[in-house]
Each structure stands twice: as C-alpha cells, then as structure tokens.
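In terms of the numbering used here, the sequence shown is residues 1 to 683.
Structure, as structure tokens:
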Amino acid sequence: MTDDTLDKGGAPRQQTTDRGCTMTTAQGGPIADDQNSLTAGPRGPVLLEDHVMREKIFHFDHERIPERVVHARGYGVHGHFELTEAIPELSCADIFQRVGEKTPTFTRFSTVAGNKGSFDLARDVRGFATKFYTQEGNWDLVGNNIPVFFIQDAMKFPDLVHSVKEAPDRGFPQAQSAHDNFWDFISLSPEAIHMTLWQMSDRAIPRSFRFMEGFGVHTFRLVNATGKSHYVKFHWKPKRGLQSVVWNEALKINGADPDFHRRDMWDAIDAGDYPQWDLGIQVFDDAFADQFEFDILDATKLIPEEQVPVRIIGTLTLDANVENFFAETEQVAFCTQNIVRGIDHTNDPLLQGRNFSYLDTQTKRLGGPNFTHIPINAPKCPMHHFQQDGHMAMRNPKGRANYEPNSWGEDGGPRENPELGFQSYPEEVEGTKQRTRSETFADHYSQARQFWISQTEVEQEHIIAGYTFELSKCEHERIRLRMLSHLRNVHEDLAQGVAEGLGVAEMPEAAQPARAPIIDLPPSDALSILKNGPKSFASRKLGLFISDGADAGLVAALEKAFKAEGAMVAIVAPHIGGATLSDGSVKAADEKIDGGPSVLFDAVALVFSEEGGEALAANKPAMDFVSDAYAHAKVIGWTEAAQPLMKAVGASPDDGTAKLAEDSAGDFVTLCRKLRHWERKLG
C-alpha cells in the first residue's frame, strides 16, 4: 500500500498495487478512484453513468430500516413564508413574485449523528430543512445550521457518516464524534478541517432551534423569465438573534431533559411566541465567481457577508405544532432535487450526489415511489401526470390514457407546457470524462483560519476546549498528532491551545497542504455567535427560584416585567406544590428544585425569605442550581436572604449579578439582555 498522498485537487489517496487488497464494487469490479465522482471535466456535472458512485450511495441509503440513516432525530413544525421583496429580475419562481403573499411551509430541525432515541443537545450539526408548498410545486430547501460541510464530493458521504456513527463491532458511541473513527477519517481528509472549526464551536450546541441560523450550504442558481442566471446562496437569519449553550450546560441539559429542543419549540409555539427567520440571499455573477479566492462549487467554503451582503427577501414564521408526529414529522420527505422553475442546481459535486441520494433514500424509507401521496409530502397545487401503481398508490390516472403522446384529445390527459414548465439553465458543458477533483478545491485551511480569527476570545476558548475534549477520547496518539498537524495550518494559537490541553510535549510538523493557505483573509463578524446575539430577553426563560415567605410584591413585579419583555418565567420551588408567599398566597411551582436545574433557564432569580434562605443554604439541589448558573456565566438576581446560599458555593456578586427590589425589576430585565457575564469565566 502506498503512503497517504493528496491529489492535485487536495483529495486524500490511499492506493495499492496488491490485487488482494484492491477495493472493488459489490459486483467485484476493481475501483481506481474512491474519492471523486465521474464528471464532465474537473468542474462539470456528475454523470449519470457513474455506476461506482451510484452503487456506493445506493447501498448507503438502504442501510437502515425504517429510521433515517442520518438526521434520524428530528422535529417538525408547520408555518408559512411571506415575501417581503419581490425579485422578478433575478428569478421567475412564482414564490418570489408577489409581496405579501404567504406560502405554506413545513420545517424539520434535526441532529445528524444520533438515532431517533438520542438526546437533543449532542455536539452535532443541526439540520434545517424547509418544504415550501408553492403554487408551482414543492421546493425543498434542505440545509443545516452551518454554512459549509465536511466533504466536497458526495462519493465520500458514506465514509463520513460511517466514521461518525457507532462502530460496527461494538455499536457505540451514539450521537457523538468524540472517538477514534471519526477523527481518523477527518485527519486523513483535510477538506473537512474548516467544518470541524464550526463543529467544535458553540454553533454545534445551540440553545434552541429558534436561536440558530440556517444555510442552504450549496451554491444554486436563480433564473429569471428571460433566462438570465445569477448564482445564489440561501440564508435563514433568526429574528431573535443567535444563542448557544456551553458544553458543561449541554451535558447537564441532556441529563435533565433529553427532549430540551423539542420541548422548547413546542412550548414557544403553544404559547403563541412564534419563531421567525428572515430568508436572505447572497446573489453574485460569473465575474465575482471568477475572481473569488475560492471555488463557488466547493461546499467546504462560504462567501463572507462582507464580500456579498445578504439581501432579505422574506420571513418564515412557524406557528403550528403537528397533530401527529409520525404522520408529519417522521414521514416528511425532503429532496434537494425538489426545485421549481426559476431555481436551478449547479455543478457542485456534493449537491449533484445529494440529488440522487435523497430521492433514493425516501423511496426506500417510505416503502416505494408513492411517498408524495402522503399528505405531508403532497403538493398543495394541482397535480397531473401519468405515473401509476406501485406500493401504496393512493391515486391513479383516470380513463384510458396512461401514456403520451396519445390521440385521445380532451380525454388524453395532461400535456407538457414549455411556457410554464421547468427549464434547466442552458449552461455550456464540455470536458473529458474523468474522476478528478478540480484544483480550485484544494485550499483546505484558509477559511478555517478566517473563521478562527473572527471569533471572540470566549468563542476561541470554547473551540480549543471542544477539540481538546474530543481528541482526548481518541485512544491512538497518531490520530491526535495528525489533527494537531492540520490545526497548525489553521492558526498556531489554536494548535498550541489544543496541544497544551492534550499534554502533547512535542508538537508535530504542520501537515503538507495541497495548496498554500491564504493567511491575510480579514475577520468576518457574521461568523461569530456573540457578535450576533439578541438585543432583548424576549423568547428567553427566567428561572425564578422562590421559598416560603418570599416577597409577593417582588415576585409579581418580576413576572410582570419579564412578561412585558416577551420572556417566559418558570417558578422553581423546593416542592412541586409551590411556596406560600409573604401575603399568604400560594404560588404554584413549574419545577421542583431537583427537577428544574438552572441549565434549563437563560437567567435565574433567587427570591427567598430569611427563613427560607437559611434552609436552602445547605440544600444540595439548590447549591447546584446557583453553582451551575454562576459557572455558566449566567445573569443572577438575588435578594439579601439568598446570600448564604451564594456564599456557600462561592458565587460572589459581580457585574453579572443584581440585588433585586420590587421597584428595580425592569433594571434586572435590562441586565438579563446580555445573557452571559463572560468576564466571570475569563477572570
């Protein structure tokens, strides 16, 4: 077997001349290239005749029965998309023509690596897929909460997922990437390094589906009525800003409530606090694509918003929970191939492979070709075609004609419509059939570096901690050192921080890059969560911990002030029956203290009577409540009677804490808008 090398496009190659070690197809045919799909030229479309790629992905798509192979744990919500700016000059898509028109939608959020029974707050990519039921057919925007991906060619998708899923011999680990197989694959696939920066950042542990961005990932085309094309990238921008948890919180939330994200979404919609995202587009032309530092067809790259601003054209509102989880969330079938006139695919090799894979997957998972007969998948516009029969067909053509052309006149069924029908953009394609990766895909480190320098100090610390934790779970030193060799090409501070965390005495040489990194790309503030946080405490939740004898006026003032902010208040008490307040009234509890830890809340308030404070000062769940809130840099409000408890856990008053009074409840709301007092963790 030859040494590991990178080809001209930066793809890893592990080759052999030994017939006994030669990789083959399931039919026994030797494989010459397991890294690249067959394309027409290095940047051309993937060819349908690529039997090697199709067999590999076909088998992968059929690995699980009946659960999805990836994105198995999902949560779906109904809603609508309202156009706020028409763009007929860019696209003839019907959905983009009339300002104010509302298009029904169904959105499914998900984790990638775990099974249906895994927990919500795994460190993982989040799926963000939206089905638009337009008047000219369904459009599926199937994306993630991260704008780039691990791989450049769909040929490698089975390998990526196999590496991160449970090992075939032991059936674990589940819903995590902190193990040898994953990092072995990543460290041998430098194209994935950029994505791992995002994965190790707080983007991979969002506080809520409601507070994360969504991205279409790939470059698509918009085509107008005259056939003019522009490239486009799709963005979802949360109206309430970005927010994530810290790793220690994620671990404890999974223990306290493994359905945390699901419950959060259900409760918000049930309360009428409807989540919203703006749909933004980055539009650019061939001239920009030609001068851009990276290849726009490379899914491991993004286009900084400073270079191509995001233009907001509409708003997605999620306003209805499902009536039956299986019928809707579990049976919904998204396919990247589902586009409408005015939107078109590009030659991105990852996208081209997804177009094949998703249809194949849904056909297998839902029992046959008629999954569009299931109500959640059915278009809401008229349908006319000659497709018939098959497993679980709910409808078939009526009358004699089930083919065309036919001579049955008005009874002959539907006919093609060149004026309204989908037209592929007539891109000129010419090239030699070959398995290769374009050399324009070969830069694996420059945008990873740009992401790193765009983060705040707190976020950089979290990325270092993420790599350190995950790599510490790798048993084999060679894998840890190989990853460090890649991180040196990203930034020495990052590599040194991880090396120190792992206790590496001698730093390995930097990996040999396929293309020299660009080291002077400017920071991009849009890549940071903390630079794009919320401007209010709306839609967040205060954990109001009360004891018997707590000041009734203060409790009422806090509830009123946070309700006015658009926030939620959960009452936490020593007993689920609640507490008797100073005026003799009984305040019912939403959570018993040992069932409602502070990790479930965005900020906390401690409102105790003197007697209640003394009783709670040595109460272990109460101590954990305050200790965790303080350690996680949350804003804490307190009354004087809570001081013994705070002192018991070393929670000293600072600029992230506030002494509470009935007439200053509004000031506490203002303080809570910052969400975290990060200086506490840096100090």
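Note that the Cβ used here is the ideal one computed from N, Cα and C, for glycine as well.
Residue i, buried or exposed, once every other Cβ within 10 Å from all chains shown has been counted against 16
i	result
C21	exposed
V429	exposed
I519	exposed
E475	exposed
G29	exposed
V125	buried
K233	buried
K560	exposed
F356	buried
L484	buried
T103	buried
P418	exposed
T134	buried
M265	buried
N324	exposed
M392	exposed
F157	buried
For residue j and residue i, believed in contact at Cβ under 8 Å, the rounded distance
i	j	result
H230	D298	Rounded, the Cβ-Cβ distance is 19 Å, inconsistent with contact.
L542	V604	7 Å
F294	Q447	7 Å
G390	P369	5 Å
Q282	H218	Contact doesn't hold; Cβ gap of about 12 Å is too wide.
T84	T315	6 Å
F119	P258	4 Å
A579	D628	About 21 Å; that fails the 8 Å criterion.
K116	A72	5 Å
Cβ-Cβ distance between residue i and residue j below 8 Å
i	j	result
L38	E55	no
G596	A550	no
P66	R365	yes
T107	G79	yes
Y707	P517	The structure shown has nothing for residue 707, since the chain only spans 1 to 683.
Q455	S528	yes
H632	E249	yes
A333	N377	yes
G537	R673	The question names Gly, but residue 537 is Phe in the sequence shown. Yes.
L660	W638	yes
T300	V148	yes
S438	G100	no
G353	A26	no
R262	Y75	yes
L600	I253	yes
F545	F625	yes
Per-residue DSSP class, three states only, for residue i
i	result
M568	strand
I186	helix
G214	strand
G137	strand
N489	helix
W678	coil
N532	helix
H78	strand
R435	strand
G409	helix
N321	strand
S357	helix
V610	First, the residue type needs correcting, since residue 610 is Glu and not Val in the sequence shown. Three-state result, E610: helix.
S110	strand
V642	In the sequence under discussion, the amino acid at residue 642 is Ala, which differs from the Val named in the question. The answer is helix: DSSP assigns A642 an H, G or I state.
T130	strand
V635	strand
N248	helix
G368	coil
Y231	strand
V555	helix
G280	strand
I453	helix
L484	helix
Can at least three beta-carbon pairs, one atom from the stretch 174 to 183 and one from the stretch 236 to 253, be found at a separation below 8 Å? no
Would the stretch 103 to 118 and the stretch 191 to 200 be scored as touching if the rule is three or more Cβ pairs under 8 Å? no
Per the contact definition of three or more C-beta pairs closer than 8 Å, is the stretch 583 to 593 in contact with the stretch 640 to 647? no
Does the stretch 220 to 230 come close enough to the stretch 84 to 100 that 3 or more CB-CB pairs lie under 8 Å? yes
Are three or more beta carbon pairs between the stretch 137 to 150 and the stretch 209 to 216 nearer than 8 Å? yes
Would you call the stretch 501 to 508 in contact with the stretch 471 to 488, where contact means no fewer than 3 C-beta pairs closer than 8 Å? yes
The stretch 180 to 187 in contact with the stretch 304 to 320 per 3-pair CB rule at 8 Å: no
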